[in-house]
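Novice: One structure is given below, represented as C-alpha cells, and several questions about it will come after.
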Amino acid sequence: MLRALLVLLALGFVLIGRVNSHQESGEWSCESGSEIRLESEFRPGLVTLDGHADDWEDIFSSEFPLLPALDPDDDKEYKAGKMTVKTVHDGRDVFFLLQVDGEYKYSKGENNNCPSVALMFQVGEDATYHDMGGCKEEPDSCTNKTCKGHEVDIMHFSIGNAIPGRLYGGNPIDNRDGNGGDRFGHLVDVYAWNPHCRHLDGIGPTGNDSSAQNDWKGAWWHSSFDGHSGFVEQDSPYASGNPKGTYYFEFSRPLRTTDRLQQDTQFTIGGTSKMAVAFWYPVDGKPWHGSGHYSINCDWVTVDISSDSSMLSRSSVSNSGSTASVFALLLSVVSLCASVFVGYRVLKPKGVPFTPMENL
Ligand SMILES: *[C@@H]1O[C@H](CO)[C@@H](O)[C@H](O)[C@H]1NC(C)=O
Ligand SMILES: *[C@@H]1O[C@H](CO)[C@@H](O)[C@H](O)[C@H]1NC(C)=O
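Numbers -21 to -1, 1 to 339, taken from mature numbering (1 follows the signal peptide of the UniProt record, and there is no 0), label the letters of the sequence shown in order.
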C-alpha cells in the first residue's frame, strides 16, 4: 500500500512537470507550469560509468519532451521520443544518465553528423538559463569582471571520435595543460557568460589560468550495438545502417572540484543545483549547428542532491529493514544467553590456587 502510494506520488511529480512554453514575436517567454525537480539519491556503489543503463534500472526516472531550445514550440518536439534523465550520487561523485530513443546516426569524425548532448549548470547567482548565463556584454567585452555573477558551467560531449563504451573527458594530458579540453573524445568542460562568450575551463579573454581541469567523465552507447564492452577503433563497432534504438549517455563529476575561477558548479549534499540538458541530432540527415539543439525545459531544472536514498528505493529498504531487525533481535537474545553462560563459567570457583606475581 505504502509502495503504491509512493509510486503515485512519484507519477504526480512527473505529470506536474509538464511545461507550457512558447516564443512569441521574438520575445523570449517561458511558462514553466511549476518548478521541475530532479532528485539525486545517495546510492553508493551502484553505477559503473560505461554507457550502459542496466545498473540504473531501479533509479527514479523523469521524462521530458525535447523542444527546440530557441523556439520551444510543442509542434517542433523531437519526434522519436522523450528524454529520460536519472541522477544519483555516491557521496563523492554525482552521476547522470540521459536516455533518448533515436535512429542510429553516426558519421565517424564528424561531430555534427552524430547526436550530441550537453549539461549546463548555474554557477553565478545571476546566471539565467536563457542565453547561457544571460550576460549582456558583447564577445569583445565580456570578461570575468563585466559578466561577474553570470557564470554557467557546461559539459559538452560530441561523440564523432568517441568509441562506444569507452571513457572520455578529463585525462592526464589535457589536465596537465590546465584546461577543460579533451583531445580524445571531445567531452569538454566549459564555462560561459552567454552563448558568444564561451570558453574551455582555464582559458579566458583576459588570460589563462593553468589551475583548471576537465572534471567530467562520460561514455555513450546505442542499443543496436552487439556485445557489451571492449570495443577498439579497428573493430568498427559502429552498427551498419540506421537501426532504431536508444542512445545512452552517462556522466560523472566529483561533487566538489578544485576550481578557483567560478567556472565549475559545486554540488552540496543536502543542497540544490540548477541544471539544463541539451540534445543535438542530425535531423533529416542534415548536420546540426550549435544553436539548433533541443532542451528538456525552457528554464532551469532544480536538482536535489539528497543526503539519503529516498523515494521508491526507500520503501524497499524499509521492507528489508524489518527482516533485518527481527534477525538482529534474535541474534541479541542468543548472545545474551551466551554471555550469561560464559559469565557463569568464569565466576564458578575452579579451585585453582592463587599464584603471586613475583613467583612467576
Ligand atoms: C590562452 O590559451 C589559448 C589556448 O591554448 C591560447 O590560444 C591563448 O593565446 C592563450 N592566451 C594567453 C593570454 O596566453
Ligand atoms: C579574471 O581572470 C584573470 C585571468 O585568469 C585573473 O587573473 C583575475 O584574477 C580574474 N579576476 C576576477 C575578478 O576573478
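Where is the CB? At the ideal position from N, CA and C, for every residue including glycine.
In the DSSP assignment, what residue or residues form a beta bridge with Ser8?
Specialist: Taking the first residue of the sequence shown as position 1, residue 8 is located at position 29. Its beta-bridge partners do not exist; DSSP assigns none.
Novice: How would the residue list near ligand 1 read, in chain order, if you kept each one whose beta-carbon is closer than 6 angstroms to any heavy atom?
Specialist: Cβ-based neighbours of ligand 1 within the cut-off: Ile182, Gly186 and Asn187.
Novice: Going by DSSP, what residues sit across from Phe92 in a beta bridge?
Specialist: On the sequence shown, position 113 is the one that residue 92 refers to. Note on residue identity: the sequence assigns Asn, not Phe, to residue 92. DSSP, once it has assigned bridges, lists no residue as partnering Asn92.
Novice: With three or more beta-carbon pairs closer than 8 angstroms as the criterion, would you say the segment 118 to 125 touches the segment 100 to 110?
Specialist: Flag = no, the segment 118 to 125 and the segment 100 to 110 do not touch.
Novice: Does ligand 2 have a heavy atom nearer than 7 angstroms to the CB of Lys196?
Specialist: What you label residue 196 is simply residue 217 of the sequence shown in a count that begins at 1. Lys196 Cβ: outside cutoff for every heavy atom of ligand 2.
Novice: Under a three-way DSSP split, which group does Pro233 fall into?
Specialist: For the purposes of this step, residue 233 is taken as the residue at position 254 of the sequence shown. The answer is strand: DSSP assigns Pro233 an E or B state.
Novice: List, from N- to C-terminal side, the beta strand (DSSP E) runs of 3 residues or more that fit wholly inside the segment 141 to 209.
Specialist: The qualifying runs are 166 to 173, 176 to 179 and 196 to 201.
Novice: Go ahead and label Arg155 buried or exposed: buried means 16 or more other beta carbons lie within 10 angstroms of its beta carbon, across all protein chains shown.
Specialist: Sequence index remark: in the sequence shown, residue 155 carries index 176 (1-based). Exposed: under 16 other Cβ atoms inside 10 Å.
Novice: On the three-pair Cβ rule with 8 angstroms, is the segment 189 to 199 touching the segment 128 to 139?
Specialist: The segment 189 to 199 is in contact with the segment 128 to 139.
Novice: In whole angstroms, what separates the C-alpha of Gly112 from that of Trp172?
Specialist: Here residue 112 refers to the residue found at position 133 when the sequence shown is read from its first residue. Here residue 172 refers to the residue found at position 193 when the sequence shown is read from its first residue. Rounded to whole angstroms, Gly112 to Trp172 spans 5 angstroms at the Cα level.
Novice: In the DSSP assignment, what are the bridge partners of Ile133?
Specialist: Here residue 133 corresponds to residue number 154 of the sequence shown, with the count starting at 1. Met99 and Val169, per the DSSP bridge assignment.
Novice: Who are the Cβ neighbours of Ala59 in its own chain at under 6 angstroms, not counting the five residues just before and after it?
Specialist: Within the sequence shown, residue 59 is the residue found at index 80, counting from 1. Hits under 6 angstroms: Asp80 and Gly81.
Novice: Would a C-beta distance cut-off of 8 angstroms place Val280 and Ile38 closer than the cut-off?
Specialist: What you label residue 280 is simply residue 301 of the sequence shown in a count that begins at 1. What you label residue 38 is simply residue 59 of the sequence shown in a count that begins at 1. No, they are not a contact pair.
Novice: Within the present structure, is the beta-carbon of Asn123 separated from the nearest heavy atom of ligand 2 by less than 7 angstroms?
Specialist: What you label residue 123 is simply residue 144 of the sequence shown in a count that begins at 1. Correct: Asn123 has its Cβ closer than 7 angstroms to ligand 2.
Novice: Might you give, ordered along the chain, the residues of its own chain that have their beta carbon closer than 6 angstroms to the beta carbon of Ile248, omitting 5 neighbours on each side?
Specialist: Residue numbering aside, residue 248 sits at position 269 when the sequence shown is read from its first letter. Result list for Ile248: Ile284 and Ser286, in chain order.
Novice: Do the CB positions of Phe43 and Lys61 come within less than 8 angstroms of each other?
Specialist: By one-based count along the sequence shown, residue 43 stands at place 64. By one-based count along the sequence shown, residue 61 stands at place 82. Yes. Within cutoff.
Novice: By how many angstroms is the C-alpha of Lys265 removed from the C-alpha of Trp259?
Specialist: Position 280 of the sequence shown, counted from the start, is the residue given in the question as residue 259. Position 286 of the sequence shown, counted from the start, is the residue given in the question as residue 265. In a straight line, the C-alpha of Trp259 is about 11 angstroms away from that of Lys265.
Novice: Between Gly164, Asn140, Tyr170 and Leu166, which has its C-alpha nearest Lys87's C-alpha?
Specialist: Position 108 of the sequence shown, counted from the first residue, corresponds to residue 87. It is Asn140 whose Cα lies nearest to the Cα of Lys87.
Novice: Can you look up Asp287 in the DSSP assignment and give me helix, strand or coil?
Specialist: Here residue 287 corresponds to residue number 308 of the sequence shown, with the count starting at 1. In the structure shown, Asp287 sits in coil (DSSP, three-state: anything other than H, G, I, E or B).
Novice: Considering Ala106, what are the terminal residues of the beta strand (DSSP E) in which it resides?
Specialist: Translated into the one-based positions of the sequence shown, residue 106 becomes position 127. Careful: Ala106 lies outside any beta strand (DSSP E) and carries neither H nor E.
Novice: Beta-carbon within less than 6 angstroms of Pro174's beta-carbon, same chain only, minus the 5 sequence neighbours each way: which residues are those?
Specialist: By one-based count along the sequence shown, residue 174 stands at place 195. Met111.
Novice: Go ahead and label residue 340 buried or exposed: buried means 16 or more other beta carbons lie within 10 angstroms of its beta carbon, across all protein chains shown.
Specialist: Past the boundaries of the shown model lies residue 340; the chain is included only from -21 to 339, so the question cannot be answered.
Novice: Decide if Glu20 is buried, meaning its Cβ has at least 16 other Cβ atoms within 10 Å, or exposed.
Specialist: Position 41 of the sequence shown, counting from 1, holds the residue named residue 20. With 16 or more Cβ atoms within 10 Å of its Cβ, Glu20 is classed as buried.
Novice: On the three-state DSSP scale, how would you describe Ser295?
Specialist: Sequence index remark: in the sequence shown, residue 295 carries index 316 (1-based). With a pLDDT of 41 at Ser295, under the threshold of 50, the modelled position of this residue cannot be trusted, and the question is left open.
Novice: I'd like the list of long-range same chain contacts for Leu146, defined as Cβ closer than 6 angstroms, with 5 residues on each side in sequence excluded.
Specialist: For this step, residue 146 is matched to residue 167 along the sequence shown. Result list for Leu146: Lys196 and Ala198, in chain order.
Novice: Per DSSP, which residues does Thr281 bridge with? Please list them.
Specialist: Here residue 281 refers to the residue found at position 302 of the sequence shown. Per DSSP, Arg16 and Lys253.
Novice: Determine whether the beta carbon atoms of Leu17 and Tyr273 lie at a separation below 8 angstroms.
Specialist: By 1-based counting over the sequence shown, the position of residue 17 is 38. By 1-based counting over the sequence shown, the position of residue 273 is 294. No; because the gap between Cβ atoms is not below 8 angstroms, this pair is not in contact.
Novice: Whose C-beta lies closer than 6 angstroms to the C-beta of Lys223 among residues of the same chain, with five residues either side of it excluded?
Specialist: Counting from 1 along the sequence shown, the entry for residue 223 is found at position 244. Here the set comprises Glu82.
Novice: Around the Cβ of Val169, are there at least 16 other Cβ atoms within 10 angstroms (buried) or fewer (exposed)?
Specialist: Residue 169 sits at position 190 when you count from the first residue of the sequence shown. By the neighbour-count rule (16 or more Cβ atoms within 10 Å), Val169 is buried.
Novice: Short of 8 angstroms in beta carbon distance, which residues of its chain neighbour Glu117, apart from the five on each side in sequence? Order them along the chain.
Specialist: The residue you call residue 117 lines up with position 138 of the sequence shown. Counting only Cβ-Cβ distances below 8 angstroms, and skipping sequence neighbours, we find His175.
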